[in-house]
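Scroll down for the structure; my scribbles are underneath it.
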Amino acid sequence: MSKSERIFKEAVEVMPGGVNSPVRAFASVGGTPRFIKSANGAKIVDVDENEYIDYIGSWGPMILGHNNIEIKNAVKEAVENGLSFGAATQIEVEMAKLICDIVPSIEMVRMVNSGTEAVMSAIRVARGYTKKDKIIKFEGCYHGHCDAMLVKAGSGLMTDGIPDSAGVPKGCAMDTLTAKYNNIDSVKELFENNKDNIAAVIIEPVAANMGVVTPKENFLKQLRELCDKYNSLLIFDEVITGFRLGLDGAQGLYSITPDLTTFGKIVGAGMPVGAYGGKKEIMKCVSPVGSVYQAGTLSGNPIAMSAGICQLRILLENKHIYDNINAKGEMLRKGMKEILIKHSLPYQVTGVGSLSCLLFTEKSVIDYETAKTSDTKMFAKYFNEMLKQGIYLAPSQFEAIFMSNAHTDEMIEKTLYAMDKAFNII
Ligand code: HOZ
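Take 493 as the starting number for the sequence shown in our numbering and just add one per residue.
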């Protein structure tokens, strides 16, 4: 029995599924989750000393690769002064200024501790500001695990085949309306039927929790127009895309200005950080200035801020990193497509920039329905073959492949070689 297997046996006795977040449990791919001991650059090592090329990158934060020396030093320095004060610190102001400088749509920002918290708070702000209740979300988009967003959600729910979570009171989900991603008519219809009641439309501008699904041309622009027409807010959930698809995320890439944006992952460089922000007029609704209450004992924690600021500064001062990771994402996608052709397989390679996915369906993936046509059993076989060859992919068909600045061409070539071999076997 491997060490991972032994630890997992203990883990399932004391933790639901043996994990602290469901997708990690390998439930949809079978086998035992690898218990990770350390990581460096683009490689991770498990407790049995197996080394893998890592394409999860802690689900997105590690855009520079693991264990970045500058970030590590920034954290060490911050630790010397104490872990948390529950009081205002200068470093929080530094972080807020940095985010406002980097992302033009953000005039004011509030730091929280996760993407879920950011979304939950942004929705409350949208409701408080507009004095309306209903929220439109898109099938297959995942916005963390707050009650109102666990309706036809992507990520772990899609992996487990349970679109709506148990334990969400009807009242909480009653005001969540779902539209179809990439289908503007489905949004128009909801607006027409709920004219004065839509507080906000929330969207992952690139949907990265049902595979990676990019927006059709003009789709985001049309959403912006509809929100303006009906006096509703447009919220971009950039927890995955923020600071990844460019410094100013998907909103920069597609030239759309949302009213509110949520961040997580990269903004914390591996520490538990989220943030939400937007127009000053809207953010001034937040307590203590306004009447929308939102708080957090560890929000703006100095250690987390020091990590996040360091990572954002590196990205800001080295913009070529984006060219680099985007080119590597492209190299991977191109290579995957060639292998599919070689094996006469009809599967879909999707993605943009450093986010990619291989979906096991012959249908072009444009939304939740088409993503769900994926053969998840085939994905599971593929996943396990790749793992055997030292390639650590997300253990779910519907999660992204994350490229970091630490991935080398050789690593990508090795990955493609493994993929070719995997398709000879499965
Ligand atoms: N929410 C993440 C997937 N989109 C999973 C996080 C984790 O399991 O660590």
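Note that beta-carbon positions come from the ideal geometry of N, C-alpha and C, so glycine has one too.
Residue i (DSSP reduced to helix, strand or coil)
| i | result |
| --- | --- |
| T868 | helix |
| I528 | strand |
| H635 | coil |
| D540 | coil |
| L808 | helix |
| L739 | coil |
| A618 | helix |
| G510 | helix |
| K535 | strand |
| L850 | strand |
| V778 | strand |
| I555 | coil |
| I831 | helix |
| Y814 | helix |
| I561 | helix |
| V704 | coil |
| A610 | helix |
| Y785 | coil |
| F875 | helix |
| A570 | helix |
| A699 | strand |
| A799 | helix |
| A658 | coil |
| A761 | strand |
Buried versus exposed, by CB contacts within 10 Å (16 or more), residue i
| i | result |
| --- | --- |
| I555 | buried |
| D859 | buried |
| P794 | buried |
| G663 | exposed |
| N465 | Because the chain here runs from 493 to 918, residue 465 falls outside it and cannot be looked at. |
| T670 | buried |
| F577 | exposed |
| N710 | exposed |
| L879 | buried |
| Q889 | buried |
| T789 | exposed |
| N685 | exposed |
| S896 | buried |
| Y785 | exposed |
Residue range of the unbroken beta strand (DSSP E) whose run includes residue i
| i | result |
| --- | --- |
| V746 | The question names Val, yet the displayed sequence has Tyr at residue 746. Run containing Y746: none; DSSP gives neither H nor E here. |
| E543 | E543 to D546 |
| K629 | K626 to F630 |
Strand pairing of residue i, partner residues [DSSP]
| i | result |
| --- | --- |
| G766 | V604 |
| D729 | T754 |
| L669 | I628 |
| F894 | L847 |
Segment limits, alpha helix (DSSP H) that includes residue i
| i | result |
| --- | --- |
| I499 | K495 to V506 |
| G843 | No alpha helix (DSSP H) holds G843; the beta strand (DSSP E) holding it covers Q840 to V844. |
| D720 | F711 to K721 |
| F915 | D901 to I917 |
| T651 | G648 to D652 |
| I690 | Careful: I690 lies outside any alpha helix (DSSP H), inside the beta strand (DSSP E) at I690 to I695. |
| K680 | I676 to N685 |
| V585 | Q582 to I594 |
| Y860 | Y860 to A863 |
Are at least three pairs of beta-carbons, each pair with one atom in the stretch 839-855 and one in the stretch 692-704, less than 8 Å apart? yes
Just checking, does the stretch 756-763 make contact with the stretch 725-736 on the three C-beta pairs under 8 Å criterion? Contact holds: three or more Cβ-Cβ distances are below 8 Å.
Given 8 Å, three or more beta-carbon pairs between the stretch 794-810 and the stretch 647-655: no
Any chance the stretch 736-752 sits against the stretch 592-602, with 3 or more Cβ pairs inside 8 Å? yes
If contact is defined by three or more beta carbon pairs under 8 Å, each pair taking one atom from either stretch, is the stretch 824-833 in contact with the stretch 605-615? Verdict: no, contact absent.
Taking contact to mean at least 3 C-beta pairs separated by less than 8 Å, is the stretch 615-623 in contact with the stretch 831-839? With the cut-off at 8 Å, the stretch 615-623 and the stretch 831-839 do not touch.
Are there three or more Cβ pairs, one per stretch, closer than 8 Å when the stretch 811-822 is compared with the stretch 567-574? Segments in contact, no.
Three or more C-beta pairs below 8 Å linking the stretch 853-867 and the stretch 493-506: Judged by Cβ distances under 8 Å, the stretch 853-867 makes no contact with the stretch 493-506, as fewer than three pairs qualify.
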